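If you read the sequences in order, they're chains Y and E. Okay, so the first sequence: first residue is 0 according to numbering that gives the first Met the number 0, each after it adds one. Okay, so the second sequence: first residue is 0 according to numbering that gives the first Met the number 0, each after it adds one. A virtual CB, placed ideally from N, CA and C, is assigned to each residue, including glycine. Keep in mind that this is a model prediction, so the values were computed, not measured. Everything below concerns the one structure shown next.
There are 2 protein chains.
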Amino acid sequence: MNALSPDHLPDLSAPRIAFQGEPGAYSEAALLEYARWRGLPHPHPVPCISFEDIFAQVNQGQVEYGFIPIENSLAGSIHRNYDLLLQNDLWVIGEYHLRVAHCLLACPEAGLEDIHKVISHPQALAQCDGFLRRLGVTIEAAYDTAGSAKIVSQRSDCTVAAIASRRAAEIYGLKILVENIEDNPANFTRFLMIAPQSGDPGEDAKTSIVFSLRNVPGSLFKGMGVFALRDIDLTKIESRPLVGKPWEYFFYIDFAGSIKDPVVQRALAHLEELALFLRILGSYPRHRQVS
Amino acid sequence: MNALSPDHLPDLSAPRIAFQGEPGAYSEAALLEYARWRGLPHPHPVPCISFEDIFAQVNQGQVEYGFIPIENSLAGSIHRNYDLLLQNDLWVIGEYHLRVAHCLLACPEAGLEDIHKVISHPQALAQCDGFLRRLGVTIEAAYDTAGSAKIVSQRSDCTVAAIASRRAAEIYGLKILVENIEDNPANFTRFLMIAPQSGDPGEDAKTSIVFSLRNVPGSLFKGMGVFALRDIDLTKIESRPLVGKPWEYFFYIDFAGSIKDPVVQRALAHLEELALFLRILGSYPRHRQVS
């Protein structure tokens, strides 16, 4: 596993939450915000190399929870994590919408006029394209955003800056030269908290399911009828074709309501009558996105 | 604009098609396959730095067509390109599903045992993670896959390899050490061909639309009813929340059928009765994904 910064020294009483990336990654910033929002004890974030590693660590009990990105407002759903949710017997117990605010980070002595090169993950570089063009700098790709901050902190070169999170600046002792440098401020990533057992959805809940239907005309219309006819509001619907199986799809649906609500239970029993496959991923407290 | 390789010297009779990336990018490979599938004259691919540049070049008439990725079977929909379709007054006139087959490329003298470092776009590196771990190499990020092939061709170092397309090997004079090194073979990207005028959808057609609905319970159920009640098959449905507007969504729907079909026209007229906003992105020959 990755080297741990002093901020990551284990606190044995803190819940361990696995995330993908280096210390300072947006996933880590999001899980800390999530814990604050839910009033949880300050967690101990555990960096993982891949999404697969997160699921493996939760399965093996090396961590209590995993924290995974599931969709981004500009880039779309992360199907890979839906696949992993289906392949593993874990539960979604929470969600959080992180506003992705990119910062330009450099060594503490640097001024904006000193910067000649900016390094970061290609997606972060692309999301700040307008800013970088105005700055007139060269760009260089890095494997991830927090990793680019680490590189800048290791090189003693005040002409190189990184694009990463505010938290990466704290961890790697860098200065924030400019904040919110992304071209499109409507940049949110939704994360899911996963655990070996289901959680308490609370009063204001959301439920996530995945299902497939018999391939007959109007099957999805009927499938959605089980919710519409009970006035259950959908907050997400997405079809995903099954590769190699024309006309067969998985549907991802999120809806407002708790699995403990009898109306929701009847809707899901009704959906089971129509579905070839149905999996309840979890029912959890709803996080309302702020912009 | 990027430097052009000899393969990209203008042929004035060839249709110019803008794509994002360097020569040898997967987008370029896809547009060449698309042209072959449609029996079009061999096109002249025009590399662009960003998706925005593609739309600008088509708008300004510098190219006849643009070719954009819209969804990937592992990574999901590319919402940014849906945004650009809505912001620009262009039409979708074709689609193509490319099987993304990653190749390990090196200088012609290299053998697999010589390779100590592999460079590519972080997403390609992640998609070949299993292969790279077995190979026991270090990895390095590059801005894009074709760019990594270019870097390998410029360095005269037989210990460094790139992950890129088969076409990138041809363009940059590299040797394919191993083909299909991706961990998951179900890796397809769907591309759309865009143009200033609508095209001929032909007999076996698909139509793409974007719409929003009044936020009342069951509105999406009614919206889907206009298709289900006419036995029109949906091939994609996706909701996208509008940032800062809770409970307001755009819906992306693709369905089997041509805009020239009276049944389809009646369904869309019916949808207009329910929709706050409706845009027909285009009606085009359907490309059936092979796996």
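Problem set entry | Backbone CA spacing between E/S257 and E/A204 [nearest angstrom] | The residue labelled residue 257 of chain E in the question sits at position 258 within the second sequence. The residue labelled residue 204 of chain E in the question sits at position 205 within the second sequence. Cα to Cα, E/S257 sits roughly 5 Å from E/A204.
Problem set entry | Y/A123 and Y/T144 closer than 8 Å at C-beta | Along the first sequence, one-based indexing puts residue 123 of chain Y at 124. Along the first sequence, one-based indexing puts residue 144 of chain Y at 145. It is a contact, given that the beta carbons lie within the stated cut-off.
For this session: Could you tell me which chain Y residues have their CB closer than 8 Å to the CB of E/K235, listed as they occur along the chain?
Result: Your numbering for residue 235 of chain E matches position 236 in the second sequence. In chain order: S238 and P240.
For this session: Below 6 Å CB to CB, which residues in the same chain sit around Y/N179 once its five sequence neighbours on both sides are set aside?
Result: The residue given as residue 179 of chain Y occupies position 180 in the first sequence. Correct list, in chain order: A100.
For this session: Enumerate in chain order the residues of its own chain whose CB-to-CB distance from E/A74 is below 8 Å, with the five nearest sequence positions on each side excluded.
Result: Residue numbering aside, residue 74 of chain E sits at position 75 when the second sequence is read from its first letter. The answer, listed in chain order, is Q122.
Exercise. Quick one: does Y/F365 have its CB under 8 Å from some CB of chain E?
Worked result: This structure does not reach residue 365 of chain Y, given that chain Y is present from 0 up to 290, and the question cannot be answered.
For this session: Kindly list the residues whose CB is nearer than 6 Å to the CB of E/A17, restricted to its own chain and excluding five residues on each side of it in sequence; keep chain order.
Result: As a first step, residue 17 of chain E is located in the second sequence; it is residue number 18 there, counting from the start. Closer than 6 Å at Cβ, skipping near neighbours: V45, C47, I53, Q56, V62 and G65.
For this session: Taking E/D128 as the query, report the chain Y residues whose CB atoms sit under 7 Å from its CB, ordered along the chain.
Result: Taking the first residue of the second sequence as position 1, residue 128 of chain E is located at position 129. Correct list: S49.
Exercise. Closer than 7 Å, Cβ to any Cβ of chain E: which residues of the stretch 60-74 of chain Y, in chain order?
Worked result: S72, L73 and A74
For this session: Look up Y/I170 in the DSSP assignment and say whether it is helix, strand or coil.
Result: In the first sequence, the residue the question calls residue 170 of chain Y occupies position 171. Three-state DSSP puts Y/I170 in a helix.
Exercise. For Y/K259, does the three-state DSSP call read helix, strand or coil?
Worked result: Taking the first residue of the first sequence as 1, we reach residue 259 of chain Y at position 260. Note: Y/K259 maps to coil in three-state DSSP.
For this session: Closer than 9 Å by beta-carbon distance: list the chain Y residues that pair up with E/H120, in chain order.
Result: On the second sequence, residue 120 of chain E is found 121 positions in, with the first residue counted as 1. Under the 9 Å cutoff, chain Y gives P121 and A140.
Exercise. Starting from E/P121 and walking both ways along the alpha helix (DSSP H), at which residues does that stretch end?
Worked result: Here residue 121 of chain E corresponds to residue number 122 of the second sequence, with the count starting at 1. Residues P121 to Q126.
For this session: Go through its chain and collect everything with a Cβ distance to Y/T158's Cβ below 8 Å, but skip five positions before and after it.
Result: Here residue 158 of chain Y is taken as the residue at index 159 of the first sequence, counted from 1. Cβ within range, chain order: A109, D113, I114, H115 and K116.
Exercise. Are the beta-carbon atoms belonging to E/A185 and E/A163 less than 8 Å from one another?
Worked result: For the purposes of this step, residue 185 of chain E is identified with residue 186 of the second sequence, where counting begins at 1. For the purposes of this step, residue 163 of chain E is identified with residue 164 of the second sequence, where counting begins at 1. Result no, Cβ atoms of E/A185 and E/A163 do not sit closer than 8 Å.
Exercise. From Y/E169 to Y/A141, what distance separates their C-alpha atoms?
Worked result: Taking the first sequence and counting its residues from 1, the one referred to as residue 169 of chain Y is at position 170. Taking the first sequence and counting its residues from 1, the one referred to as residue 141 of chain Y is at position 142. Distance between the alpha carbons of Y/E169 and Y/A141 is about 19 Å.
Problem set entry | For E/V91 and E/H41, the rounded distance between their alpha carbons | Numbered from 1 along the second sequence, position 42 holds the residue referred to as residue 41 of chain E. Numbered from 1 along the second sequence, position 92 holds the residue referred to as residue 91 of chain E. If I take the Cα positions, the gap works out to 20 Å.
For this session: List the endpoints of the continuous beta strand (DSSP E) containing Y/T158.
Result: Residue mapping note: residue 158 of chain Y aligns to position 159 of the first sequence, counting from 1. From DSSP, Y/T158 is part of no beta strand (DSSP E); its letter is neither H nor E.
Exercise. Below 8 Å between beta carbons: does that hold for E/C127 and E/L173?
Worked result: Numbered from its first residue, the second sequence carries residue 127 of chain E at position 128. Numbered from its first residue, the second sequence carries residue 173 of chain E at position 174. Taking 8 Å as the Cβ cut-off, E/C127 and E/L173 do not qualify as a contacting pair.
For this session: Determine, using beta-carbon pairs with one atom in the stretch 261-277 of chain Y and one in the stretch 21-28 of chain E, whether at least three such pairs fall under 8 Å.
Result: no
Problem set entry | Exposure label - E/T291; buried when at least 16 CB within 10 Å | With chain E covering only 0 through 290, there is no way to say anything about residue 291 of chain E.
Problem set entry | Exposure of E/V209, with buried meaning 16 or more beta-carbon neighbours within 10 Å | Position 210 of the second sequence holds residue 209 of chain E. It counts as buried.
For this session: Give a yes or no on whether the minimum CB-CB distance between E/G224 and chain Y is below 8 Å.
Result: Counted from its first residue, the second sequence places residue 224 of chain E at position 225. Yes, because at least one Cβ of chain Y sits closer than 8 Å to the Cβ of E/G224.
Problem set entry | Endpoints, the alpha helix (DSSP H) within which Y/Y81 is located | Looking up residue 81 of chain Y in the first sequence gives position 82. That run of the alpha helix (DSSP H) goes H78 to Q86.
Exercise. Shorter than 8 Å from the beta carbon of E/D52 to some beta carbon of chain Y?
Worked result: Locating residue 52 of chain E in the second sequence gives position 53, where the first residue counts as 1. No - not a single Cβ of chain Y is within 8 Å of the one on E/D52.
Exercise. What do you get for E/P5, buried or exposed, if any count of 16 or more other CB atoms within 10 angstroms of its CB means buried?
Worked result: In the second sequence, the residue the question calls residue 5 of chain E occupies position 6. Its pLDDT being 46, under 50, E/P5 is placed unreliably by the model, and the measurement read from it follows with that caveat. So E/P5 ends up on the exposed side.
Exercise. Beta carbon of E/E94, beta carbon of E/R239: below 8 Å?
Worked result: Locating residue 94 of chain E in the second sequence gives position 95, counting from the first residue. Locating residue 239 of chain E in the second sequence gives position 240, counting from the first residue. Taking 8 Å as the Cβ cut-off, E/E94 and E/R239 do not qualify as a contacting pair.
Exercise. Roughly how many angstroms lie between the CA atoms of Y/L111 and Y/F130, to the nearest whole one?
Worked result: Working through the first sequence from its first residue, we reach residue 111 of chain Y at position 112. Working through the first sequence from its first residue, we reach residue 130 of chain Y at position 131. Going from the Cα of Y/L111 to the Cα of Y/F130 covers about 12 Å.
Exercise. Can Y/H286 and Y/H96 be called in contact, C-beta distance under 8 Å?
Worked result: What you label residue 286 of chain Y is simply residue 287 of the first sequence in a count that begins at 1. What you label residue 96 of chain Y is simply residue 97 of the first sequence in a count that begins at 1. The answer is yes: Cβ separation under 8 Å.
Exercise. How should E/D230 be labelled, buried or exposed, when 16 other C-beta atoms within 10 angstroms of its C-beta is the threshold for buried?
Worked result: By 1-based counting over the second sequence, the position of residue 230 of chain E is 231. The residue is exposed, with fewer than 16 neighbouring Cβ atoms inside 10 Å.
Exercise. What's the gap between the Cα of Y/P195 and the Cα of Y/S12?
Worked result: As a first step, residue 195 of chain Y must be located in the first sequence, where it is residue number 196. As a first step, residue 12 of chain Y must be located in the first sequence, where it is residue number 13. For Y/P195 and Y/S12, the distance between alpha carbons rounds to 19 Å.
For this session: Measuring only between beta-carbons, confirm whether Y/I77 sits less than 8 Å from chain E.
Result: Looking up residue 77 of chain Y in the first sequence gives position 78. Yes, Y/I77 lies at the interface with chain E (some Cβ there is under 8 Å from its Cβ).
Exercise. In whole angstroms, what is the alpha-carbon distance linking E/I175 and E/E70?
Worked result: By 1-based counting over the second sequence, the position of residue 175 of chain E is 176. By 1-based counting over the second sequence, the position of residue 70 of chain E is 71. Taking the straight line joining both Cα atoms gives about 27 Å.
For this session: Please check if any C-beta of chain E sits within less than 8 Å of the C-beta of Y/F254.
Result: Here residue 254 of chain Y refers to the residue found at position 255 of the first sequence. By this cut-off, Y/F254 is not an interface position.
For this session: Could you check the C-alpha separation between E/M0 and E/G20 for me, to the nearest Å?
Result: If you number the second sequence from 1, residue 0 of chain E lands on position 1. If you number the second sequence from 1, residue 20 of chain E lands on position 21. Low local confidence applies: a pLDDT of 38 at E/M0 is under 50, so the model's placement there is unreliable, and no value is given.
Exercise. How would you write the range of the alpha helix (DSSP H) that E/I236 sits in, first residue to last?
Worked result: The residue given as residue 236 of chain E occupies position 237 in the second sequence. Careful: E/I236 lies outside any alpha helix (DSSP H), inside the beta strand (DSSP E) at L233 to P240.
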